Amino acid sequence: MDLLSALSLGELALSFSRVPLFPVFDLSYFIVSILYLKYEPGAVELSRRHPMASWLCAMLHCFGSYILADLLLGEPLIDCFGNNSSILLASAVWYLVFFCPLDLFYKCVCFLPVKLIFVAMKEVVRVRKIAVGIHHAHHHYHHGWFVMIATGWVKGSGVALMSNFEQLLRGVWKPETNEILHMSFPTKASLYGAVLFTLQQTRWLPLSKASLIFVFTLFMVSCKVFLTATHSHSSPFDVLEGYVCPVLFGMAWGGDHHHDNHGGSLSGGGPSSAHSALPTKSKEELSEGSRKKKTKKTD
Numbered sequence: 001m002d003l004l005s006a007l008s009l010g011e012l013a014l015s016f017s018r019v020p021l022f023p024v025f026d027l028s029y030f031i032v033s034i035l036y037l038k039y040e041p042g043a044v045e046l047s048r049r050h051p052m053a054s055w056l057c058a059m060l061h062c063f064g065s066y067i068l069a070d071l072l073l074g075e076p077l078i079d080c081f082g083n084n085s086s087i088l089l090a091s092a093v094w095y096l097v098f099f100c101p102l103d104l105f106y107k108c109v110c111f112l113p114v115k116l117i118f119v120a121m122k123e124v125v126r127v128r129k130i131a132v133g134i135h136h137a138h139h140h141y142h143h144g145w146f147v148m149i150a151t152g153w154v155k156g157s158g159v160a161l162m163s164n165f166e167q168l169l170r171g172v173w174k175p176e177t178n179e180i181l182h183m184s185f186p187t188k189a190s191l192y193g194a195v196l197f198t199l200q201q202t203r204w205l206p207l208s209k210a211s212l213i214f215v216f217t218l219f220m221v222s223c224k225v226f227l228t229a230t231h232s233h234s235s236p237f238d239v240l241e242g243y244v245c246p247v248l249f250g251m252a253w254g255g256d257h258h259h260d261n262h263g264g265s266l267s268g269g270g271p272s273s274a275h276s277a278l279p280t281k282s283k284e285e286l287s288e289g290s291r292k293k294k295t296k297k298t299d
């Protein structure tokens, strides 16, 4: 603690936790969220044919976490649309990303150094939303740990968790892309962060909220910027889960039976593939032998 006071990290963390998010950080959040929407197959065509559906999808990308949190806590789902400034800012970003002449706005924000800045600022918003969500849930359920964790989780990754509903607005139905079946790094990090902030809120973690926000934001920004810069879809938790999950659950967390089956059939090295290959080979040999016998009889 003496070292922390000497470095004034406590004051730095407190000042950082008080930085207002609107409009700069929220603007970055909206830009990155709507960029991810434009990356979706068919999103550009949808904006040309059905602009209203495209706008609704963009609003879900920007405010989906608030909608899910209100749903969990039994509050009106349209509360987030009461902030006119945020709605107008998100709508302006949506229009510029999809309809700016010559795609100038899209090209500027997709320039990698600029995009990394926006990605870093989005993670600042994500961590703050997790902390605020858990604090809000704590007022409703003082001892409801699971309620607080669930609220913080959807606050941090609500857009990904309701991706199937967003796909329906775009006329796409892909249940196999459920985020719970294939958790991305932000979804896992939001879950772990919700656990940490819940422990802090219930005073089981001896750390101030400002310090936890500062430390967890540094972690999220570093990881997300690195993954975006390297175009990687891996997760920093993969190494830890590779050791822990086989012990606790018998297999790696997030392991997909569908992919495992395909992998085994393609590699041909597993015992199941070996057993499946032998009967097919024997049947082919039997059929070939029977054909030879028939030809000999006819000859």
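Residues 1 to 299, numbered by the UniProt record's numbering, are exactly what the sequence shown covers, in order.
Note that the Cβ used here is the ideal one computed from N, Cα and C, for glycine as well.
Bear in mind that the values here come from a model prediction, so they are computed numbers and not experimental data.
Check your understanding: Does the separation of the CB atoms of V32 and K38 fall below 8 Å?
Key -> If you number the sequence shown from 1, residue 32 lands on position 32. If you number the sequence shown from 1, residue 38 lands on position 38. Their beta carbons are not under 8 Å apart, which means V32 does not touch K38 by this criterion.
Review point. Can you tell me the Cα-Cα spacing of S157 and S8, whole angstroms?
Key: Position 157 of the sequence shown holds residue 157. Position 8 of the sequence shown holds residue 8. Going from the Cα of S157 to the Cα of S8 covers about 32 Å.
Exercise for review: Can you give me the start and stop residues for the alpha helix (DSSP H) that L174 sits inside?
Suggested key: Within the sequence shown, the letter at position 174 stands for residue 174. Correcting the residue type first, residue 174 is Lys in the shown sequence and not Leu. Looking at the DSSP string, K174 is not in any alpha helix (DSSP H), and its letter there is neither H nor E.
Practice item. Can you tell me the Cβ-Cβ gap for A131 and K209, rounded? I've got them flagged as a contact below 8 Å. Key: Translated into positions along the sequence shown, residue 131 becomes position 131. Translated into positions along the sequence shown, residue 209 becomes position 209. A131 to K209, Cβ: 6 Å. Contact.
Review point. Can you list the alpha helix (DSSP H) stretches of 4 or more residues lying completely in the stretch 115-164, in chain order?
Key: 145-161
Point to revise | Option in K155, M121, F118, V124 with minimal Cα separation from H135 | key: Within the sequence shown, the letter at position 135 stands for residue 135. The shortest Cα separation from H135 among K155, M121, F118, V124 belongs to K155.
Check your understanding: Is the Cβ-Cβ distance between W153 and L191 less than 8 Å?
Key -> Counted from its first residue, the sequence shown places residue 153 at position 153. Counted from its first residue, the sequence shown places residue 191 at position 191. Yes, the pair counts as a contact, with Cβ atoms nearer than the cut-off.
Check your understanding: Beta-carbon of C62 versus every beta-carbon of chain D: anything under 8 Å?
Key -> No chain D appears in the structure shown, which is made up of a single protein chain.
Review point. Under the rule that 16 or more other beta-carbon atoms within 10 Å means buried, what is C62, buried or exposed?
Key: By 1-based counting over the sequence shown, the position of residue 62 is 62. By the 10 Å Cβ count, C62 comes out buried.
Point to revise | Length of the line joining the Cα atoms of F118 and G193 | key: As a first step, residue 118 is located in the sequence shown; it is residue number 118 there, counting from the start. As a first step, residue 193 is located in the sequence shown; it is residue number 193 there, counting from the start. One C-alpha to the other measures close to 21 Å.
Review point. Can you give, in chain order, each stretch of the alpha helix (DSSP H) that sits fully within the stretch 20-64 and has at least 4 residues?
Key: 24-39, 43-49
**Study point:** Cβ contact check for the stretch 105-119 and the stretch 225-238: 3 or more pairs under 8 Å
**Key:** yes
Review point. What distance in whole Å lies between the Cβ atoms of V97 and Y29, which are believed to be in contact at a cut-off of 8 Å?
Key: Numbered from 1 along the sequence shown, position 29 holds the residue referred to as residue 29. Numbered from 1 along the sequence shown, position 97 holds the residue referred to as residue 97. No, Y29 and V97 are not in contact; Cβ-Cβ is about 13 Å, not under 8 Å.
Review point. Among I213, M121, F22, which one has its Cα closest to the Cα of S15?
Key: Here residue 15 refers to the residue found at position 15 when the sequence shown is read from its first residue. Among I213, M121, F22, the Cα nearest to that of S15 belongs to I213.
Review point. For M162 versus L12, is the C-beta spacing smaller than 8 Å?
Key: Translated into the one-based positions of the sequence shown, residue 162 becomes position 162. Translated into the one-based positions of the sequence shown, residue 12 becomes position 12. Contact flag unset, no.
Review point. Just to confirm, are A90 and A58 a CB contact at a threshold of 8 Å?
Key: The residue given as residue 90 occupies position 90 in the sequence shown. The residue given as residue 58 occupies position 58 in the sequence shown. Closer than 8 Å, so yes.
**Study point:** Unbroken alpha helix (DSSP H) run spanning I87, endpoints
**Key:** Counting from one through the sequence shown, the residue named residue 87 turns up at place 87. Its alpha helix (DSSP H) spans residues 84-99.
Practice item. Work out the CA separation of D26 and S86 for me, nearest whole Å. Key: Within the sequence shown, numbered from 1, the residue matching residue 86 stands at position 86. Within the sequence shown, numbered from 1, the residue matching residue 26 stands at position 26. Rounded to the nearest angstrom, the two C-alpha atoms are 8 Å apart.
Point to revise | Cβ-based burial, K174 [other Cβ within 10 Å; buried from 16] | key: As a position in the sequence shown, residue 174 is number 174, starting the count at 1. K174 comes out exposed.
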